[in-house]
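2 protein chains.
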Amino acid sequence: MTDPHSPNQNHLVAALPTAEFERLAPHLELVAMPLGEVLYESGGKLQHVYFPTTAIVSLQYIMENGASAEIAGVGNEGILGISLFMGGETTPSRAVVQTAGYGYRLKAHLMMQEFNRAGPMMRLLLRYTQALITQVSQTAACNRHHSVEQQLCRWLLLTLDRLPSNELTMTQELIAGMLGVRREGITEAAGHLQQTGCIRYRRGHITVLDRSGLESRVCECYAEVKKEFDRLLCDVQNRQDI
Amino acid sequence: MTDPHSPNQNHLVAALPTAEFERLAPHLELVAMPLGEVLYESGGKLQHVYFPTTAIVSLQYIMENGASAEIAGVGNEGILGISLFMGGETTPSRAVVQTAGYGYRLKAHLMMQEFNRAGPMMRLLLRYTQALITQVSQTAACNRHHSVEQQLCRWLLLTLDRLPSNELTMTQELIAGMLGVRREGITEAAGHLQQTGCIRYRRGHITVLDRSGLESRVCECYAEVKKEFDRLLCDVQNRQDI
DNA sequence: GCGGGTCTGTACGCTGGCGTACATAGCGCG
DNA sequence: CGCGCTATGTACGCCAGCGTACAGACCCGC
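Going down the list, the sequences are from chains A and B. Under numbering that gives the first Met the number 0, the first sequence has 57 at position 58, and the numbering climbs by one with no breaks. Under numbering that gives the first Met the number 0, the second sequence has 51 at position 52, and the numbering climbs by one with no breaks.
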């Protein structure tokens, strides 16, 4: 049904009614999203919105002292650049490609045109934004109360949900940057998860061996976020004529 | 211009063009919001949205183990119940009155009617939502990286901005609950702020004596949030015919 | 196949915030 | 005016996570 490079790989695009899809499709431009690419810098103006298909992008805040913190991740379930249609024009966060892959982009003014029709596209985007708010909120609570190991599990599971395979290309250093903790903290937590057989890793590659093991160690935050995404975006599989 | 119990005390209401305001005004119902009242329980359906005038409401997540964490505060600059028009119907967070006062409420279906006109009201609400996302995001980063004292300063300043006076009615226990830290941690931080002459307190009352002192101790998060609110809602003073 | 850069493992002391426990003090209500 | 509740002060041990430092291991490219 969906070939590897169809916009329909993205759940939001796939959920559009046929009319909306056909209106937009000609303007969706396939782009490669290499690891580390910065799609939006904090405070920058948005030229495009992005619908990732295989890539995963991390939204993060950079503090004055250089420390960072991921506030949410966006994969093929979502869209990047919500502040465009929310009315902000700029984002206060930074968007960095966390897993290399592809996505489709759409020029900002075309996005706005479609949004301003106040039709299905608008409703879908607002629902997604609501889900994103949940993710950010849960991150805030999780940062306050849960251990590094629990947060690592959460992060791995959320990333896994957006990937086709069970292997992620990712150094401990990068993960530490996203979670806003020390690299050594990730080494320790990951070592522990490896001992218990949940994961295996080698230099920049992590393979998840026992997903249920991770699920038994993760804090409630993972399930809460997932539940809310499913609830808000369940009707996303509606369109069959793809 | 604005009498003590006018809906225009709320900045969002005050920013509405005359036509919108007159359409809504007859349906705005003044309600008292006593300390501790729960406006929305996590997962509950929304019957009303609220525009606080003098009250301040805290949005918080309650974890499974009973620990809590505030994700944002809402005062006379905002509205409660955004998930209604964002498409969620229910909120995953809980809304508790943090400072007693008043507000106006509007029935959910009337709010939706107005929102669905896709006019100024919708644009205003989306802008506000964008500002709220910033606040939540900054809270997430702040929870990760900053000390209890810094967070206390942030919280005091944000609360102060929403109050007419420089005295807040608030126990250390309650503040601790909002920030998701131990009560003793607040005692210590508040004691320190008192020693340096920034604040004075007695059993349930905190008076801010030296605002600039707080500002010199607070982390960047306060200024970031404030800046973004000002940027997004600056046009809120437009309507002069009040 | 070998070198160099990067990634990962380990160690050590430090400190902020936690859990627990209990003492004191202010305020409201009878 | 005094009782009792609730808010606040203080103390002690504990530990997760930090900052720093360095050693070893892996991989890629030449």
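Each residue gets a CB set at the ideal place from its N, CA and C atoms; glycine is no exception. Bear in mind that the values here come from a model prediction, so they are computed numbers and not experimental data.
If you compare the alpha carbons of A:137, A:80 and A:167 with that of residue 53 (chain A), the shortest gap goes to A:167. Taking each of B:202, B:123 and B:153 in turn and checking the Cα distance to residue 12 (chain B), the smallest one comes out for B:123. For residue 216 (chain A), the secondary structure class from DSSP, reduced to helix, strand or coil, is helix. Taking a Cβ-Cβ cut-off of 9 Å, residue 17 (chain B) has no neighbours in chain A, whose nearest Cβ is about 21 Å from it. Around residue 26 (chain A), no beta-carbon contact reaches into chain B at under 9 Å, the shortest distance being about 22 Å. Scanning chain B for C-beta atoms nearer than 7 Å to the C-beta of residue 135 (chain A) yields 132, 135, 136 and 139, reported in chain order. The residue from A:216, A:185, A:129 and A:104 with its alpha-carbon nearest to that of residue 25 (chain A) is A:104. From the beta-carbon of residue 231 (chain A), the residues of chain B found nearer than 8 Å are 86 and 87. Looking at the DSSP output, residue 205 (chain A) shares a beta bridge with A:167 and A:200. Residue state for residue 33 (chain B) is assigned as coil, using DSSP reduced to three classes. Using beta-carbon distances, residue 125 (chain B) counts as an interface residue toward chain A, with a partner under 9 Å. At a C-beta separation below 7 Å, residue 128 (chain B) has these neighbours in chain A: 85. Of the candidates B:142, B:227, B:90 and B:184, the residue whose Cα lies closest to the Cα of residue 128 (chain A) is B:90. At a Cβ-Cβ threshold of 9 Å, residue 177 (chain A) and residue 67 (chain A) count as neighbours. Taken through DSSP and simplified to helix, strand or coil, residue 78 (chain A) comes out as coil.
In the three-state DSSP reduction, residue 180 (chain B) falls in the coil class, being neither helix nor strand. If one requires a minimum length of 3 residues, the beta strand (DSSP E) runs lying completely within the stretch 120-177 of chain A are 166-168, in chain order. By the neighbour-count definition (other C-beta atoms within 10 Å, threshold 16), residue 202 (chain B) is an exposed residue. Scanning B:57, B:37, B:34 and B:86 for the CA closest to the CA of residue 227 (chain A) turns up B:86.
Contact annotation, residue 6 (chain B) with residue 27 (chain B): C-beta distance approximately 5 Å; criterion of less than 8 Å satisfied.
Bounds of the alpha helix (DSSP H) holding residue 17 (chain B) are 17-23.
Interface residue (Cβ-Cβ distance to chain B less than 9 Å): residue 66 (chain A) is classified as such. A Cβ-Cβ separation of about 19 Å leaves residue 231 (chain A) out of contact with residue 140 (chain A) under the 8 Å criterion. C-alpha of residue 153 (chain A) to C-alpha of residue 221 (chain B): approximately 28 Å in a straight line. In this structure, the CA atom of residue 165 (chain B) is about 25 Å from the CA atom of residue 135 (chain B). Contact annotation: the stretch 74-85 of chain B touches the stretch 106-117 of chain B, with at least three C-beta pairs closer than 8 Å. Excluding five sequence positions before and after residue 106 (chain A), the CB atoms of its chain that fall closer than 8 Å to its own CB belong to 26, 46 and 47, given in chain order. Excluding its 5 nearest sequence neighbours in each direction, residue 73 (chain B) has C-beta neighbours in its own chain below 6 Å: 56 and 79, listed in chain order. Between the alpha carbons of residue 219 (chain B) and residue 17 (chain A) lies a gap of roughly 46 Å. Take residue 99 (chain B), set aside five residues on each side of it, and the residues of its chain with a beta-carbon closer than 7 Å to its own are 32, 33, 34 and 54, in chain order. Pairing residue 19 (chain B) with residue 119 (chain B) gives a Cβ-Cβ distance under 9 Å. Chain-ordered listing is empty here: chain A has no CB closer than 9 Å to the CB of residue 49 (chain B), the nearest sitting near 18 Å. Here the stretch 144-159 of chain A does not lie against the stretch 143-163 of chain B, with fewer than 3 beta-carbon pairs under 8 Å apart.
Annotated three-state conformation of residue 51 (chain A) is strand, per DSSP. With respect to residue 223 (chain B), residue 133 (chain B) sits close: the two C-beta atoms are nearer than 9 Å.
Contact check for residue 200 (chain A) and residue 188 (chain A): beta-carbon distance about 12 Å, past the 8 Å limit, so the pair fails to qualify.
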